[in-house]
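Please read the structure below before turning to the comments.
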DNA sequence: ATCTTCCGATCAATGGAATCCATTTTTAAA
DNA sequence: TTTAAAAATGGATTCCATTGATCGGAAGAT
């Protein structure tokens, strides 16, 4: 992880489909070197994924919410297995505080969200925050080069 | 938005750097058509961004947290302007419930997180949830083709 | 200090992929 | 059914990524 790697990562966070040639020009090194460095970072796990952010509202999923849920530590294994298999779950974190889990979900309607929340009750008490707007949408963080 | 567009979006959500040729083969249409469809979806805003998910822990930002904050509606404009300019903010949503905002952040240390939370106090009361682990990391949702 | 080895970079060439454009097909509307 | 508009195709061209050979520099051993 040197300055050039950070520069590559910054560019890729802005646009994952940028060409090797463009990266090469911006970093003042050859494109085979860019390719090799990217492979290294993929192998090492520094680069987790190249992912496309789509407009879920336009795609028919206008309801976004964060669900807090208090899961008994004993049930965590089962809970993880369940939550991982639900396609509507965009992210799930184990967090500190009164509720142990924070889940980000999208749904076609509030009714379907409600149904999902009901199905979660078997794991523990929930508290749901519906998203009204997103002033800062999913983005990366610029690393110091 | 037809079946082919959804197929393209599903593939791009899995891997944003997939080639036009590979997409063409999987969708049984020519690569110029794939290119045209992608441009349409970029123009229409259906595709928001191609973005690279990196391992922030490995990159020196091991502290991830969700900050709830109760912002007075009057101060929202100012708050949005501020929060948008903080690089450590990976996402910010306006939500229902006792706290009006939910902010996802990463930091180098708990001390720096603390400093940031202190700087937020001028906007309102906060409640922070530190992330212990992430059973489901940022991902897309498969659309029905 | 010198030699050796290894890692990483570059260059040039080749193979492959993306774009462009003319043509054809399909779709939707009159 | 006819026509206009939109979208898909195929082939040609241009552009890009990958490969393999070579060079240079840094680290370690003698």
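Chains as they are written, first to last, in the numbering used here: chain W, 416 to 560; chain V, 416 to 560. For every residue, glycine included, the Cβ atom is placed at its ideal position computed from N, Cα and C.
DSSP bridge partner residues for residue i (one or two, in chain order)
i, result
"residue 504 of chain V", "V:520"
Close Cβ partners of residue i (< 6 Å) along its chain, the five nearest in sequence each way excluded
i, result
"residue 479 of chain W", "521, 546"
"residue 540 of chain V", "485"
"residue 488 of chain W", "none"
"residue 544 of chain W", "481"
Cα-Cα separation between residue i and residue j, rounded to whole angstroms
i, j, result
"residue 449 of chain W", "residue 416 of chain W", "13 Å"
"residue 549 of chain W", "residue 555 of chain W", "15 Å"
"residue 530 of chain V", "residue 507 of chain W", "26 Å"
"residue 475 of chain W", "residue 443 of chain W", "43 Å"
"residue 477 of chain V", "residue 526 of chain W", "37 Å"
"residue 471 of chain W", "residue 493 of chain V", "27 Å"
"residue 500 of chain V", "residue 458 of chain V", "26 Å"
"residue 454 of chain V", "residue 523 of chain W", "26 Å"
"residue 431 of chain V", "residue 528 of chain V", "31 Å"
"residue 452 of chain W", "residue 473 of chain V", "16 Å"
"residue 418 of chain W", "residue 560 of chain V", "42 Å"
Proximity winner among the options, relative to residue i (alpha-carbon distances)
i, options, result
"residue 511 of chain V", "V:519, V:527, V:437, V:486", "V:486"
"residue 532 of chain W", "W:503, W:557, W:551", "W:503"
"residue 516 of chain W", "W:495, W:527, W:500, W:534", "W:495"
"residue 467 of chain W", "V:462, V:447, V:524", "V:462"
"residue 551 of chain W", "V:498, V:534, V:551", "V:498"
"residue 446 of chain V", "V:452, V:429, V:454, V:435", "V:435"
"residue 535 of chain W", "W:523, W:459, W:484, W:514", "W:484"
"residue 509 of chain V", "V:481, V:523, V:451", "V:481"
"residue 469 of chain W", "V:501, V:524, V:464", "V:464"
Cβ-based neighbour list, residue i, same chain, cut-off 7 Å, excluding 5 preceding and 5 following
i, result
"residue 505 of chain V", "519, 520, 521"
"residue 426 of chain W", "433, 438, 441"
"residue 558 of chain V", "421, 424, 425"
"residue 490 of chain W", "538"
"residue 542 of chain W", "483, 514"
"residue 456 of chain W", "420, 462"
"residue 553 of chain V", "468"
Distance cut-off 6 Å: residue i Cβ against heavy atoms of the ligand GDP
i, result
"residue 520 of chain V", "With respect to small molecules bound, the structure shown includes none, and the ligand GDP cannot be examined in it."
Contact set for residue i: own chain, Cβ-Cβ below 8 Å, skip 5 residues either direction
i, result
"residue 429 of chain V", "555"
Which ranges would you report for the alpha helix (DSSP H) in the region 424 to 484 of chain W if only whole runs of at least 4 residues count?
For the region 424 to 484 of chain W, whole alpha helix (DSSP H) runs of length 4 or above, ordered along the chain, are 435 to 442, 446 to 459.
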